[in-house]
Amino acid sequence: MRRPVLLLVLVSFVLAACTWGSDDSDRGDAPEPQPTPTTSISFDDLGVANWPSPDEARFPDPPARPEWLPAEEYARMVAAVRTWAVQAVASPDEVGAGLPDELAAMIDDAGEDDEVASALAKGNVLDPGLEVLATGLTGAWTLSDDGESMNLALQTRAAYEVRIPDGPVRVIGVLRTQGIIAGADSPEWGTIMGWQEFGAADCAIALDGFLTAGGDADDQQSDLATFTKIGNGDEAITPELPDDQLVDEDFKRRCEAGRV
């Protein structure tokens, strides 16, 4: 099941954070064993074989610049978000390289604040035991502007076709939103960050801090169908999820106890 791990807004002139929790009573204590994967899922199966690779990064043109924002600043914002987005998909260890120092520092701080999956808060870290056969990437921009401040964000949809050691081919999908907040009366930027996975094993996220393919193929096929529909569309859509599908500290404890 896909689970959002982080949605954080850090702003120099406004500071707000949202932390998701969960209710133990909603989850119950009955064990839910993870089935051993037996069936392959490929890019061809999902209809994403034509997605461009991260090296091509064929994102659509960004939204029109707000009139009150200087053209040079907006161009720097667009370039920074593009760079950040591709790094998170293709080179998670390099996230922040070449970005403005203050932006890179805020990204690092956001990762450190995530106690469940700090590395995944910054980028798409895959299980080192996986063989990555192909990577596909699409994207969609969003911009909100009230005349005094604006949010510019790029949602990336990264699909990884991987081979499990001694196992089948599977696909892991990640929706990741990264963006910048700018204010008319502030010289500094803030950041927007958030991500969701599709087709991955959630306890690996909570315990190991990386993405590996999930278990039951039927469940993952359904999960990935949602991801594929979003990735083939022009809108940045982030599915809303109930509390019992969140990876948080409580879920991590359940994984450690072997009750998931």
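Taking mature numbering (1 follows the signal peptide of the UniProt record, and there is no 0), I'd label the letters of the sequence shown as residues -16 to -1, 1 to 244. Idealized CB from N, CA, C, for every residue including glycine. Predicted model only: the values in this text are computed from it and were never measured.
Pick helix, strand or coil for residue i, following the three-state DSSP scheme.
| i | result |
| --- | --- |
| L83 | coil |
| W35 | coil |
| E181 | strand |
| A220 | coil |
| R154 | strand |
| G95 | helix |
| A118 | strand |
| L104 | helix |
| A48 | coil |
| L110 | strand |
| E78 | helix |
If I measure Cβ to Cβ from residue i and keep anything under 6 Å in the same chain, skipping five residues before and after, which residues do I get?
| i | result |
| --- | --- |
| G95 | S102, A105 and K106 |
| S24 | P152 and V153 |
| K236 | V100 and A190 |
| A14 | At A14 the pLDDT is 46, less than 50, meaning the model places this residue with poor confidence; the figure from the coordinates comes in the next sentence. Cβ within range, chain order: n/a, list empty. |
Leaving out five residues before and five after residue i in sequence, what residues of the same chain have Cβ atoms less than 7 Å from its Cβ?
| i | result |
| --- | --- |
| I221 | I214 |
| A55 | R49 |
| L53 | M134 and A166 |
| residue 289 | With the chain covering only -16 through 244, there is no way to say anything about residue 289. |
Pull up the DSSP beta-bridge partners for residue i, would you.
| i | result |
| --- | --- |
| S128 | N135 |
| R60 | BP columns for R60 are empty, so no partner. |
| G215 | Per DSSP, none; premise fails for G215. |
| W140 | Note on residue identity: the sequence assigns Thr, not Trp, to residue 140. In the DSSP output, where bridge partners are listed per residue, T140 has G123 and R160. |
| V146 | V116 and R154 |
| A197 | A184 |
Determine the contact status of residue i and residue j, defining contact as a CB-CB distance below 9 Å.
| i | j | result |
| --- | --- | --- |
| V158 | F194 | no |
| V32 | L138 | no |
| L110 | Y144 | yes |
| Q180 | P223 | yes |
| V155 | A89 | no |
| I91 | G82 | no |
| residue 272 | I148 | Any answer about residue 272 is impossible in this case: the structure gives the chain only from -16 up to 244. |
| W35 | Q162 | no |
Tell me which residues share the same chain as residue i and place their Cβ nearer than 8 Å to its Cβ, disregarding the 5 neighbours each side in the sequence.
| i | result |
| --- | --- |
| P38 | V70, V73, A74, T119, L121 and A142 |
Count the C-beta pairs between the stretch 115 to 131 and the stretch 39 to 50 that are closer than 8 Å, then say yes if the count reaches three, no if not. Touching, yes.
Does the stretch 75 to 82 come close enough to the stretch 169 to 183 that 3 or more CB-CB pairs lie under 8 Å? Three or more Cβ pairs closer than 8 Å define a contact, and the stretch 169 to 183 falls short of that threshold against the stretch 75 to 82.
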